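Which chain is which? The protein sequence lines are A and B, in order.
By the count of the working numbering, the first sequence reaches residue 1042 at its end, each step adding exactly one.
By the count of the working numbering, the second sequence reaches residue 310 at its end, each step adding exactly one.
Even glycine gets a Cβ: it sits at the ideal position worked out from N, Cα and C.
Computed from a predicted structure; not experimentally measured.
Note sheet for the following structure.
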Amino acid sequence: MSASGTPTTPKETLSNVNVTAALDVEGNFPLESVQIDGLVVLKIIKHCREFFPSPVTGQLLGLDVNGVLEVTNCFPFPGAKAEDENELVDGARYQVDMMRCLREVNVDNNTVGWYQSTYLGSFVTHKLIETQYNYQQTFNNKSVVIVHDVSRSTHSNLSLRAFRFSQAFMEAQKEDKFTTESLIKNKLTFSNIFEELPITVKNSHLVTALLHSLDDYEHVIPKSASLDKEKVVSPLSPNFDTLELSLDPYIEKNLEFLLESVEEHTQEQNTYAFWQRSVAREQTKIQVALQKRKQENVSRLASGLEPLPEDDIHKNHKLPAEPSRLDSLLITSQINNYCKQLNQYSGPTLGKLFISGELQK
Amino acid sequence: MPIDAATSALNLSFPPTTTAGFVVPQSRSFTVSVNPVVLFSILDHYLRRQENQHRVIGTLLGVRSEDGSEVEVRNCFPVPHDETQNQNQVAVDMEYHHNMFELHKKVNAKEIIVGWYATGSNLNQWNALIQDFYSKEVMPPFQAIHLTMDTDLKNEEKLLGVKTYVGAPIGISAKPENCLFLPVPCDVKYFDAERSGLDLLASAKDELSRSTSLISDMDNLEKTIVAVQKMLERISDYVNKVLDGSIPSNNTIGRFLMDTISVVPKIDKAEFEKMFNSHLQSEEVQTNQKR
């Protein structure tokens, strides 16, 4: 573990180092899956919901055991307005204080990653890239970002996804070079920036007992009232929100975002094309100059003079630097995201449509 | 939805009156609603207690409705305490409590201290002392809420009974260790966004491994449809039995069924066709767009 704390990651304390050292004995298993405690799921949802639609972040605490990253607790970061230096220092102190406090009550205080809320899956941003890179570098690649989509989770299925960067992307980011050449070298495309890890959710025995208690409402409410007009709703009564037919606002927003990204992508393409043209222009200029120099040399030789060197032409004419391809990479990845999302959404919706069609017959 | 066996206690509200020499506590009747995340946190705290500790306590954070008739407990944090050392003393780490509250305030300033929790079902003299401490933390004129969670599961129903109380002084001269805990109605409340998470967690409750994985939208839809189908089967089974005469009919159920059937909208066929196609079109448009 590198000791240099980045602004976003707190300096680790003694016990933390011990934990990591102890786990390293078990071998350097690469992470294969993420196992989240039920408590963490609820905490993330709570935090993200309260500040929706502005994005929020928080820290994940836990352990990695034989390739399974166990996330057992988390805490939220204060508002994301930390731009100036002072706030950043405050944020770092908050993290350290929080970790210290949590350790006192026996919470795992080993940082294993962070979480972020998102709106309709638009999470592939520079900020995320930077933060995750810092985490992954500090914590020896054993760190994930969990992305929670509030808008998608509100009316149907819970949307939680765990990501980390692929080795290829880490290499490229380390060099901070995103030229076509380095992309080819690292075999990096939009689809392998992230590696998605499967998430499982695990409850403790007591939580299981609690869930059963919550479900056991028949014993709790006196029988006589159970068929009254009054609503008898247990917290865990079956949920049929998934059968909701309204789809317009969701799809509209999604398509809007998609169009926006496509536009951005075109812009990126234009910049790239512009660069290509200017490279071509420079190259012809060099060719012309070379040609000229050669002719000159021929005539100089003919008149018995020393030929002029050809190297300085290359020095005089500089090829313009290639623009970073990171942006276009991210945008493509984002477009890919939106498309997948639409796909996932339209499948069930079509199904629902036909169901309601059958119902009317 | 209450989550513990119904009690026989009545919750009456009486206007604040002051008789000479005897101050009736400000006791407006109110209800408490608890967010599931609080219950989960308490259980997690209990799991991670010190070896010789038999119960844990912590601070409850939440919001009050404007008229004070409802208190929503939205968050909580553990507070270390010690009641083992000395027979007559209980030590609550007040500094920790204040530090933690400050940290929580940075994230969500709206949540204020509303009371405290403890695991276990007994109320003893320590509870009264701690209640006294928290009464000073809660902004007057409101009272501190005490929430207990029966982690021993020793009650008759084998439920993780959650009970809430407010404290009332007893005796002629009020002493901190004298306190009467009055039960307050309590239920579980959650938001739409939390529903999907709870559903997922609940799907693991019958698994031996106590774990589950996330499912796709399509699988989720399938699950729901299967559930609806099962319900339909059950009800048609029931109706058939009633028709056979093998079980007596029940008017209430009949009325419910009537209501349910009348809810199905009767739409003109042509109209429906139109709606159906327009929806289908918008679906197809976006499916094509992806290509």
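Of the other Cβ atoms in all chains shown, 16 or more fall within 10 Å of the Cβ of residue 798 of chain A; this residue is therefore buried. When DSSP states are grouped into helix, strand and coil, residue 1017 of chain A belongs to the helix group.
Inter-residue distance for residue 872 of chain A and residue 722 of chain A is about 27 Å (C-alpha atoms, whole angstroms). Bounds of the alpha helix (DSSP H) holding residue 273 of chain B are 270–282. Counted as a single uninterrupted DSSP element, the stretch harbouring residue 1000 of chain A is not any alpha helix (DSSP H), since DSSP gives it neither H nor E.
Just measuring C-alpha positions, the residue of A:719, A:786, A:757 and A:1035 sitting nearest residue 72 of chain B is A:786. Setting aside the 5 residues that flank it on each side, residue 100 of chain B is surrounded in the same chain by 76, 109, 110, 111 and 112, each with a C-beta closer than 7 Å to its C-beta; the list follows chain order.
Apart from the 5 residues on each side of it in sequence, residue 780 of chain A sits with its Cβ closer than 6 Å to the Cβ of 790 in its chain, given in chain order. The secondary-structure analysis by DSSP pairs residue 880 of chain A across a beta bridge with A:715.
For residue 267 of chain B and residue 249 of chain B, the gap between their C-alpha atoms comes out near 22 Å.
A straight-line Cα-Cα distance of about 11 Å links residue 932 of chain A and residue 1020 of chain A. Contact note: residue 893 of chain A reaches chain B through 224, using a C-beta cutoff of 7 Å and chain order. Residue pairing by DSSP puts residue 738 of chain A in a beta bridge opposite A:797. Put simply, the backbone Cα of residue 1004 of chain A is about 12 Å away from that of residue 863 of chain A. Here the alpha carbon of residue 729 of chain A sits roughly 21 Å from the alpha carbon of residue 783 of chain A. At least one beta carbon of chain B lies nearer than 9 Å to the beta carbon of residue 1026 of chain A. Taking a beta-carbon distance threshold of 9 Å, residue 55 of chain B counts as an interface residue toward chain A.
Separation of the CB atoms of residue 841 of chain A and residue 792 of chain A is rounded to 19 Å, and the pair is thereby denied contact status at 8 Å. Closer than 9 Å to the CB of residue 860 of chain A there is not a single CB belonging to chain B. By the 16-neighbour rule on beta-carbons within 10 angstroms, residue 990 of chain A is exposed.
Counting only Cβ-Cβ distances below 9 Å, residue 930 of chain A has no contacts in chain B at all, with the closest Cβ about 12 Å away. Restricting attention to A:809, A:868, A:805 and A:959, the CA atom closest to the CA of residue 794 of chain A is found in A:809. The three-state secondary structure of residue 826 of chain A, taken from DSSP, is strand. Between the C-alpha atoms of residue 78 of chain B and residue 255 of chain B there is a straight-line separation of about 50 Å. Runs of the beta strand (DSSP E) spanning 3 or more residues and lying entirely within the segment 140–176 of chain B occur at 164–168, in chain order. For residue 967 of chain A, no CB of chain B lies under 9 Å from its own CB, so it is not counted at the interface with that chain. Check the Cα spacing between residue 201 of chain B and each of B:213, B:164 and B:230: the tightest is with B:164. Here residue 137 of chain B is buried. Its C-beta has 16 or more other C-beta atoms within 10 Å.
One finds 224 and 229 in chain B with Cβ atoms closer than 7 Å to the Cβ of residue 889 of chain A, taken in chain order.
Contact check for residue 843 of chain A and residue 715 of chain A: beta-carbon distance about 4 Å, within the 8 Å limit, so the pair qualifies.
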